[in-house]
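Following: one structure in structure tokens, then a few remarks.
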Amino acid sequence: MSVRELLNKFILVDTPTPLLKQAPTTIAFLGAVAIVLSVPGLDFTDRTAAIGGIWGVIVATVLAAVFTWQPAFARVALLIPCVDLLAIGFFRVGTGGSLSLFASLIILPVIWIAVTPQRRYIILAAVGTSIALMMPFILSGTLPQGPSDWIRGIFTPIVFAIAAGIVNEMSRQGRVQVAAIRALAEERDVMLRGAVDYTNRLRDNEERLQAADRLTRSVLDAVTEQSVIGTDVTGLIDVWNPGAERMLGYTAGDAQGKRYMHEFHLIEELLLLSKELNYPPGETVLNPGFSALVESARLGRPEVRQWTYLRSDGSSISVDVAVTRRVDETQRTVGYIFVATDVTQALEVSRLKDEFVGLISHELRTPLSSILGYLELMRDDEDQPLSDEQLQYLGVAERNAHRLLRLVGDLLFTAQVGSSSFTLDATDIEVSPVLRASIESAGPNAAAAGVTLITSIPDVASPISGDAVRLGQACDNLISNAIKFTPRGGTVTVSSINTDDQVIITIKDTGMGIPTDELDQLFARFFRASTATRAAVPGVGLGLSITKAIVTAHRGELDVESEVEVGTSFIVRLPLKTTKKLA
Amino acid sequence: MTDAPLRVVIADDDPDIRTLVSIAVRRAGLNLVADVGAGDTALVALREHKPDIAILDVSMPGMTGIEVTRALQDDAELSGIRVFLLSAGVTDVARQAGIDAGAEDYFFKPFSPRELAARLVEIVAKPGAAL
């Protein structure tokens, strides 16, 4: 702490305390007392008055201390110099009266009074001075003896009043200047604090920006299995993540600011899309292929499309690319982001699956064709008719060959549903004839199993958009299942009912039922209910998954309700084709 | 239209299927002029016999049935042959490929010889596009 700071701490010159203001008077007074007591030949002329003066200064000093300690008394602080003036008056009487050496002490409390704002205190200073100087006459109750005493009692106070006026004015001007300087200083302080705040905000913003930048960078760097490439609107690359480096073989330094996005595409594919989008041929835009590439994203529709990327070593790679646009704060397009996933492996798996499906299709169906064909020839041979027993054996062989064929068909269908090659041949069809045909073909089976088949199909139109062959397959599956799982003597009820917008088909049996906790797995591939396996009902668990797939492809719903030992109901809901517009 | 039975060439790599088809062809009252076991030999037989009808398996060694069909379409002398493809394929895409190549229709495996014969009788009764 410097000397100036120390002084500033204990002596507040800007706002001096009463004690500080009193200090010169007290010190000078003590000096005067010491001089009188120590210098030979000097002595108190009136001991009582002198002691009264000393007491007065002590009282004033104590008051100053109290007022300093209790700022609430600040309003009456001028009492102190007044007491001082009186005390000095007494002391002057005690040290020689008009001849006293210590009349000059008066100047100290007068200055205190004079520096107090407002000019009326000049008068107070003059009056106080006058009283102090006239004290000998006031105490003795006499009038001044000669003109010199009168002059001392009037002229000196006038001089003091003038001095007090000058001091008062100077201190007023001083205060004005101090106030102006203080105002300036405060203004500067405010500006400085503003600047500091602004700097802090800038620094905070910069830190946040850096944190956001680090986050973005770490996210981009973490994407190693996909390439993330950013470009400006012309296709010039400005973002190139490690995934892109891995996928395409170029480093960020090779690509950013140097290469264009379309350079990594097969030009034939880009031209094909340009043609699809009806771009005028031979158009001389910067990169027509790039325009086609981002056409959809530019219009605000992010899209995923399969493309072929060219790698640095000249090889190519199949990718699914999601293109989205980058916008600035005004939503103006400033570039594009390309996120690509390597689908080479997925395509290979899909190709192998299709190949496998084709193989099964050919290798299993061809021998079955021969088996069924020749069995039929044997049955049809009119020259050598078969015995009843032989016909029965033949029936068993045929039935099992058909079963095998159905299984192959189901397997193929299941594989197709899993791949993209499953399509519905949807046309406008009627549900009722399809359902009736399924019931009719199930008739012999039901009879053989000793199950009563009850049908309730109203004679109303039930038009839907669908594939009659597939829908028939779904109905066949549900009805043959119901018969298969119903014991001899039971019933299977097939009914349909139309609501406003749906046709609801219900196939209800009185069979063994399905445990509740198995119902949600019922439509999974190869799932078989425990009741079915316990009862050794043949099957592989594909029928319901296929049925579900068919119903779903018709935008319908397949539900099941079941109770063990009571029976099961399958409910198919298909959306009716609206005919209200025509009605 | 002449009274002479229409002439047929069959191609399938499976001899049992070939026999089954030929039985159906004879039962339909048609004249089987050749049956072969591969795509390329089928094309040779077709060029040699110039039959009215060709029944070709889709998947055969040498050339596929679809490739043979295309070759027939490209040959002015042979483009009049009515081609029927025999397939165990199931997808609509595969089916369309054959029709696009110029085949008139498909027979699907497995088939009933009785029904195939009936289909052939129908086909003969209904004249083909060019004949």
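Chains as they are written, first to last, in our numbering: chain G, 1 to 583; chain B, 1001 to 1131.
Ideal Cβ placement from N, Cα and C applies to all residues, glycine included.
The structure displayed is predicted, hence computed values, not measured ones.
Boundaries cannot be given for Gly96 of chain G, as no alpha helix (DSSP H) includes it and DSSP labels it neither H nor E. At a Cβ-Cβ threshold of 8 angstroms, Asp320 of chain G and Val294 of chain G do not count as neighbours.
Nearest in C-alpha terms to Leu85 of chain G, of all of G:Ala72, G:Pro109, G:Leu202 and G:Ala77, is G:Pro109. Under DSSP, Tyr198 of chain G takes part in no beta bridge, so it has no partner. Of all residues in the segment 1016-1035 of chain B, the ones placed with a Cβ closer than 7 angstroms to any Cβ belonging to chain G are Asp1016, Ile1017, Leu1020 and Ile1023, in chain order.
Ile1053 of chain B and Glu382 of chain G have their C-alpha atoms roughly 28 angstroms apart.
Inter-residue distance for Pro1005 of chain B and Leu1030 of chain B is about 5 angstroms (C-alpha atoms, whole angstroms).
Assignment of beta-bridge partners to Glu557 of chain G by DSSP yields G:Arg573. Contiguous alpha helix (DSSP H) elements confined to the segment 49-126 of chain G occur at 79-94 and 107-115, taking only those with 4 or more residues.
The Cβ-Cβ distance between Gly243 of chain G and Gln256 of chain G does not fall below 8 angstroms. Between Ile122 of chain G and Gly165 of chain G, the beta carbon gap of about 5 angstroms places them in contact (Cβ cut-off 8 angstroms). Taking a beta-carbon distance threshold of 8 angstroms, Pro1113 of chain B counts as an interface residue toward chain G. Counting of Cβ neighbours within 10 angstroms places Trp69 of chain G among the exposed residues, the total staying below 16.
The Cβ atoms of Gly235 of chain G and His262 of chain G sit closer than 8 angstroms to each other.
Around the beta carbon of Gly314 of chain G, fewer than 16 other beta carbons lie within 10 angstroms, which makes this residue exposed. Taking 9 angstroms as the cut-off between beta carbons, the residues of the segment 358-383 of chain G near chain B are Gly358, Ser361, His362, Glu363, Leu364, Arg365, Thr366, Pro367, Leu368, Ser369, Ser370, Ile371, Leu372, Gly373, Tyr374, Glu376, Leu377 and Asp380, in sequence order. Comparing C-alpha distances from Gly300 of chain G to each of G:Ala461, G:Gly335, G:Pro71 and G:Val115 shows the shortest one belongs to G:Gly335. In its chain, beyond the 5 residues on either side, Gly513, Ile514 and Thr568 have a beta carbon closer than 6 angstroms to the beta carbon of Ser562 of chain G. DSSP, read as helix, strand or coil, puts Arg325 of chain G in strand.
Rounded to the nearest angstrom, the gap between the Cα atoms of Gly253 of chain G and Asp238 of chain G is 10 angstroms.
Nearest CB-CB separation between Leu405 of chain G and chain B: below the 8 angstroms threshold. Within chain G, no residue has its beta carbon less than 7 angstroms from that of Lys1126 of chain B; the closest one is some 24 angstroms off. Taking C-alpha positions only, Arg1027 of chain B is separated from Val1121 of chain B by approximately 9 angstroms. For Leu1116 of chain B, the enclosing alpha helix (DSSP H) begins and ends at Pro1113 to Ala1125. Ranked by Cα distance from Ser1059 of chain B, the options B:Leu1116, B:Arg1119 and B:Ala1094 are led by B:Ala1094. Taking C-beta atoms as the reference points, Gly94 of chain G and Arg47 of chain G count as a pair closer than 8 angstroms.
Secondary-structure assignment with DSSP links Ile154 of chain G through no beta bridge to anything. For Asn278 of chain G, no beta strand (DSSP E) encloses it, and the DSSP letter there is neither H nor E. Taking one beta carbon from each stretch, the segment 28-37 of chain G and the segment 74-83 of chain G have fewer than 3 pairs nearer than 8 angstroms; the two do not touch. Assignment of Asp1105 of chain B by DSSP, reduced to helix, strand and coil, places it in the strand class.
The way I'd put it, the segment 1005-1019 of chain B doesn't touch the segment 537-557 of chain G; fewer than three beta-carbon pairs between them come closer than 8 angstroms.
In this structure the segment 495-504 of chain G touches the segment 430-437 of chain G; the number of beta carbon pairs closer than 8 angstroms is three or more. Just so you know, the alpha carbons of Pro458 of chain G and Leu576 of chain G end up roughly 15 angstroms apart. Cα atoms of Glu1104 of chain B and Leu1085 of chain B: separation of roughly 8 angstroms, rounded to the nearest angstrom.
Within chain G, not a single residue places a beta-carbon under 9 angstroms from that of Asp1105 of chain B; the smallest gap is close to 16 angstroms. The beta carbon of Arg311 of chain G lies closer than 7 angstroms to those of Leu248, Gly249 and Ile317 in the same chain, with the five residues before and after it left out.
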